[in-house]
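Numbering (the numbering used here) for the sequence shown: 1 to 173.
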Amino acid sequence: RLSVEARDAGLDEAHARRRERIEAWIDEHARADKPKNAKELKATKERLLAQAEKEAAATLINRLVLLRQLEAAGLSLPRVVTGGWNSKGYREFREFAPALCTNGTTDATEGYATLLGLVFDELSADLPGLYGDVGLTKLFAIPPATLREVIERLDEPELASAWTDDTTLGWAY
C-alpha cells in the first residue's frame, strides 16, 4: 500500500510504524540529494522507494537460494524451503507451535513466513551480512501469494541440480 497516502492506506499499528520508518528513510535520503524543486523531489522519492523495494526483494531471493543450498547439502535441517508448505520443517512447526502459525491474527501464509523469519534469525548469528538486518528489508512485508510462488518455483524438480552447484548463489546474486 505504499502507493496510497499513509492516512488512506488503512494500516494497522505495526504496519503504520513500518510505513513511517520507510518514509523517514526516504525523506532523509531525498534531502541528501538536494532536489531543486517539488517535481525533482517527487522523482527522487520514487527512485529511492523503488531502490529499497528492489533491495528487499533481492535480499529475500538470496536468503532463500542460500537456505535451499544449505538444505541440499544437509547443513540446515529440518528442511523448510525444500518442499515448501509440505516440508518436514513446516509440518513439525505447525504441530509444535500452532499459535505461531496465526500470529494472533489470520496469517495468510499459515505460519510459513513466521518459520522463515525464525530460520533467518538463527542463521543471522553465523551469516549476519545476508540474514541479519539489511537496510529496510524487515520493513517490507512480502505478500503471501508472492512468497508462495517463489518457494514453489525454487522447489521445481528442474532446479534440483542447481542446489548442489557451487555457482548457483553467484548466478542468483
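Each residue gets a CB set at the ideal place from its N, CA and C atoms; glycine is no exception.
Beta-carbon proximity of residue i to residue j, cut-off 8 Å
i: residue 130; j: residue 62; result: yes
i: residue 55; j: residue 117; result: no
i: residue 155; j: residue 74; result: no
i: residue 71; j: residue 59; result: no
i: residue 177; j: residue 80; result: In the structure as shown, the chain begins at 1 and stops at 173. Residue 177 is therefore absent and cannot be evaluated.
i: residue 109; j: residue 147; result: yes
i: residue 19; j: residue 6; result: yes
Spatially closest choice to residue i from the options, by CA coordinates
i: residue 127; options: 66, 146, 100; result: 66
i: residue 121; options: 6, 109, 138; result: 138
i: residue 141; options: 94, 119, 57; result: 57
i: residue 33; options: 45, 22, 24; result: 45
i: residue 149; options: 167, 125, 113, 21; result: 113
7 Å CB neighbourhood of residue i in its chain, flanking five on each side removed
i: residue 49; result: 2, 26
i: residue 92; result: 78
i: residue 47; result: none
Beta-carbon separation (whole angstroms), residue i vs residue j, contact threshold 8 Å
i: residue 89; j: residue 102; result: In fact, because the Cβ distance is near 18 Å, the residues do not count as touching under 8 Å.
i: residue 159; j: residue 69; result: About 11 Å separates the two Cβ atoms, so there is no contact after all.
Close-in-space but distant-in-sequence residues of the same chain around residue i (CB under 8 Å, 5 per side omitted)
i: residue 30; result: 41, 44, 45, 48
Quick check for students: name the residue ranges of the alpha helix (DSSP H) that lie wholly in the stretch 48–119, counting only runs of 4 or more.
88–96
Could I get the ranges of all uninterrupted beta strand (DSSP E) runs contained in the stretch 133–163, with 3 residues as the minimum, in chain order?
none
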